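J.: Input: one structure, supplied below.
2 protein chains.
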Amino acid sequence: MQAKRNFSAKREAIYETLASTKSHPTAEWVYDQLKPSIPDLSLGTVYRNLTVFKELGLTKCVGVVNGKERFDADMSQHPHFVCTRCLSVIDVPIKRNFVDCNIYDYVAKECGVTVEDHNIVFYGFCNGCREKQDF
Amino acid sequence: MQAKRNFSAKREAIYETLASTKSHPTAEWVYDQLKPSIPDLSLGTVYRNLTVFKELGLTKCVGVVNGKERFDADMSQHPHFVCTRCLSVIDVPIKRNFVDCNIYDYVAKECGVTVEDHNIVFYGFCNGCREKQDF
DNA sequence: AATATTTTGATAACAATTACTGATATGTTA
DNA sequence: TAACATATCAGTAATTGTTATCAAAATATT
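Here it is as structure tokens:
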């Protein structure tokens, strides 16, 4: 369990909303979730705090889907699947990492760079979308 | 060698610009490259044709870096490295694919989806950026 | 040549995100 | 407690990458 942070009520609410979903939401989705219970919440505040969380290493961006940044509070290294039909983003559960330090070293050597992180995204369509449509 | 396509002069020029660079440029970079030799080129035309190429399967988007879409005419499956300092995008050369059909099957089964494509991106800093700055 | 189709430049529209500003809340110090 | 400094915020304006519109120009077709 993480030590209590002295976040403002709104910052805490934004973080909790992000931490309690696996939907990898957009900033606007977080805003829409909280607006009913926090009527004076501003969309700018959501954006501002998502940036704060990124700086604090509490969240990361899992990519830009259809022009919208998608956020994740699950900082464990795991790939994602993006349904190119409904644009949902799904965690790919892994037993152990697809990508290990050897690959970082390989990329470092091949490209003449220092590797700090990586991101794996699969694309396709989810079963919900297959049922709805014929391909 | 690819058969001659009956592309318009501008479409051809845009494609050639993209095909002859490994910089994974933005739409605007392509525009800036061509503007001197094609003074009446419009930025909209570049965007329009980049979309056409995507539909024709001639190019793909390698991701969105700092809010800008980065394009690649190299359709072979290969990972990319993004320097988070200078935002350059570098091809990672591979002998054989990191990700094979077995992994597609694995993701399909674990997530209940159909996998059509994937994208691997490494992040870090390139040697140029290391030399310029102390970290 | 007459007509249809494609492509284009210029511009406006759009949408996601960021910047700004003054107000409010919170923390600190004495 | 009061006085001050700092952090956070709402509301709005500005910015920016991208897309849509539309009439003109180029090209293809008959």
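In the order they appear, the protein sequences are chains A and B.
Here the first sequence stands for residues 1 to 135, where the numbers follow the numbering used here.
Here the second sequence stands for residues 1001 to 1135, where the numbers follow the numbering used here.
From the three backbone atoms N, C-alpha and C, an ideal C-beta is built for every residue, glycine too.
Note that this is a predicted model, so its numbers are computed, not measured.
Taking only the alpha-carbon atoms, compute the straight-line gap between leucine 1056 of chain B and lysine 1109 of chain B and give it to the nearest angstrom.
T.: Straight-line measurement puts the Cα of lysine 1109 of chain B at about 30 Å from the Cα of leucine 1056 of chain B.
J.: Taking the beta carbon of alanine 9 of chain A as the centre, do at least 16 other beta carbons fall within 10 Å, making it buried, or is it exposed?
T.: exposed
J.: Given that a residue counts as buried once 16 or more other Cβ atoms are within 10 Å of its Cβ, and exposed if not, what is asparagine 119 of chain A?
T.: Buried is the label assigned to asparagine 119 of chain A, since at least 16 other Cβ atoms lie within 10 Å of its Cβ.
J.: For aspartate 1117 of chain B, count neighbouring Cβ atoms within 10 angstroms of its own Cβ and tell me buried if that reaches 16, exposed if not.
T.: exposed
J.: So does the region 24 to 33 of chain A actually touch the region 66 to 76 of chain A, counting three or more Cβ pairs closer than 8 Å?
T.: The answer is yes - the region 66 to 76 of chain A touches the region 24 to 33 of chain A, with three or more Cβ pairs under 8 Å.
J.: To the nearest angstrom, how far is the alpha carbon of arginine 11 of chain A from that of glycine 1124 of chain B?
T.: The C-alpha of glycine 1124 of chain B is placed about 29 Å away from the C-alpha of arginine 11 of chain A.
J.: Pick out the complete beta strand (DSSP E) segments inside the region 51 to 128 of chain A, 3 residues or longer, and give them in chain order.
T.: Within the region 51 to 128 of chain A, the complete beta strand (DSSP E) runs of at least 3 residues are 60 to 65, 68 to 72, 80 to 83, 89 to 91 and 113 to 126.
J.: Excluding the five sequence neighbours on either side, which residues of its own chain have a C-beta within less than 6 Å of the C-beta of phenylalanine 1081 of chain B, listed in chain order?
T.: Only Ile1090, Val1092 and Phe1122 meet the Cβ criterion.
J.: Using a Cβ-Cβ cut-off of 8 Å, state whether arginine 1130 of chain B counts as contacting chain A.
T.: yes
J.: Output, in chain order, the set of chain B residues within a Cβ distance shorter than 9 Å of tyrosine 47 of chain A.
T.: Neighbours of tyrosine 47 of chain A on chain B: none; closest Cβ ~13 Å, over 9 Å.
J.: Between the Cα of serine 1076 of chain B and those of B/Lys1060, B/Ser1042 and B/Cys1083, spot the shortest distance and give me the residue it belongs to.
T.: B/Lys1060
J.: In the DSSP assignment, find the unbroken alpha helix (DSSP H) run with arginine 1011 of chain B in it and report its ends.
T.: 1009 to 1019
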